[in-house]
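Using the working numbering, the letters of the sequence shown map in sequence onto residues 156 to 210.
Don't be surprised by glycine CBs; every beta carbon is placed ideally from N, CA and C.
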Amino acid sequence: MAKSGKLSILRELWDFMKVRKKWWLGPIVIVLLLLGLLIVLTQGSALAPFIYTLF
Numbered sequence: 156m157a158k159s160g161k162l163s164i165l166r167e168l169w170d171f172m173k174v175r176k177k178w179w180l181g182p183i184v185i186v187l188l189l190l191g192l193l194i195v196l197t198q199g200s201a202l203a204p205f206i207y208t209l210f
């Protein structure tokens with residue numbers, strides 16, 4: 156159930172961008188997702204201190 160909730164949010168965001176012609180939001184969302192994924196995957200690793208200096 157939790158997975159379908161996340162997918163529905165992405166679907167609603169896609170529909171919003173398509174209907175409202177807000178295509179400039181796409182790259183922002185992708186970069187935010189990649190940064191979040193990077194933080195989650197490297198948490199507790201040797202790369203963590205280098206990632207935290209970016210913020």
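Would you kindly work out how many angstroms separate the C-alpha atoms of residue i and residue j, rounded to a whole number?
i, j, result
"E167", "V186", "18 Å"
"G223", "T208", "With the chain running from 156 to 210 in the structure shown, residue 223 is simply not present."
"L165", "Q198", "25 Å"
"L162", "F205", "31 Å"
"V174", "G160", "21 Å"
"M156", "V195", "Reliability of the predicted coordinates at M156 is poor, the pLDDT of 46 falling under 50, and no value is obtained from them."
Run the CB neighbour count on residue i, radius 10 Å, all protein chains shown included, and call it buried at 16 or more, exposed below.
i, result
"D170", "exposed"
Restricting to runs no shorter than 4 residues, where is the alpha helix (DSSP H) found entirely within the segment 165-199? 180-197
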